[in-house]
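Residue 12 in the working numbering sits at position 20 of the sequence shown, with consecutive numbering throughout.
Positions of the beta carbon are idealized from the N, C-alpha and C atoms, including for glycine.
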Amino acid sequence: MDEMDREHRPVVVINFDLNHLKDVNDSLGHQEGDLFIKTFGLILEEVFQKVGTAFRTGGDEFVVISTETSQTMIDQLIQELRARMREENEKRKQWNLSTAYGVAYRTEAEQLSVRQAMKIADERMYENKREMKEGRC
-7 MDEMDREHRP VVVINFDLNH LKDVNDSLGH QEGDLFIKTF GLILEEVFQK
43 VGTAFRTGGD EFVVISTETS QTMIDQLIQE LRARMREENE KRKQWNLSTA
93 YGVAYRTEAE QLSVRQAMKI ADERMYENKR EMKEGRC
């Protein structure tokens, strides 16, 4: 991140919070919960590998840092991610693999650092999570 800041690279940060992990752990066990996390991580990595890097930042939270800054492309990749999760849910009927996410473009404000973009993406991800709980998306 420091290198990206020094080089003023345009990047997009996408924070993800995996939904329903507690439900999987409670109803199917922690071994199945681990598989739930790993499956999401693999899907995330496969979808975004051509434009960025995916990281697990903790428990059920992930981040993608992408050098692809086209909003249209990022939207397409998120739609691909959703489609891949639906496919996985069809295979594993006991799961409900879904995620809340937030996107921040480093170019949204002058001199925005990658860490600041991560904070904005995180705030947007929690807003998306609230909207999902309220049934607004």
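State the Cα-Cα distance for the pair residue i and residue j, rounded to the nearest angstrom.
i, j, result
"residue 110", "residue 54", "11 Å"
"residue 87", "residue 47", "22 Å"
"residue 119", "residue 128", "11 Å"
"residue 72", "residue 36", "10 Å"
"residue 82", "residue 126", "25 Å"
"residue 24", "residue 50", "17 Å"
"residue -6", "residue 106", "8 Å"
Taking its Cβ as the centre, do 16 or more other Cβ atoms sit within 10 Å of residue i, making it buried, or is it exposed?
i, result
"residue 28", "buried"
"residue 113", "buried"
"residue 34", "exposed"
"residue 1", "exposed"
"residue 52", "buried"
"residue 122", "exposed"
With H, G and I counted as helix, E and B as strand and the rest as coil, what does DSSP make of residue i?
i, result
"residue 3", "coil"
"residue 45", "strand"
"residue 25", "helix"
"residue 10", "strand"
Between the Cα of residue i and the Cα atoms of the options, which residue gives the shortest distance?
i, options, result
"residue 133", "99, 76, 26", "Because the chain here runs from -7 to 129, residue 133 falls outside it and cannot be looked at."
"residue -3", "115, 73, 108", "108"
"residue 84", "127, 20, 128", "20"
"residue 44", "17, 106, 5", "5"
"residue 80", "117, 17, 30", "30"
Practice task
Report yes or no: do three or more beta-carbon pairs, one from the segment 7 to 18 and one from the segment 84 to 94, lie closer than 8 Å?
Solution key: Enough Cβ pairs lie closer than 8 Å, so yes.
Exercise for the section: Examine the Cβ distances between the segment 31 to 40 and the segment 54 to 64 and report whether three or more of them are shorter than 8 Å. Expected result: Yes, the segment 31 to 40 touches the segment 54 to 64.
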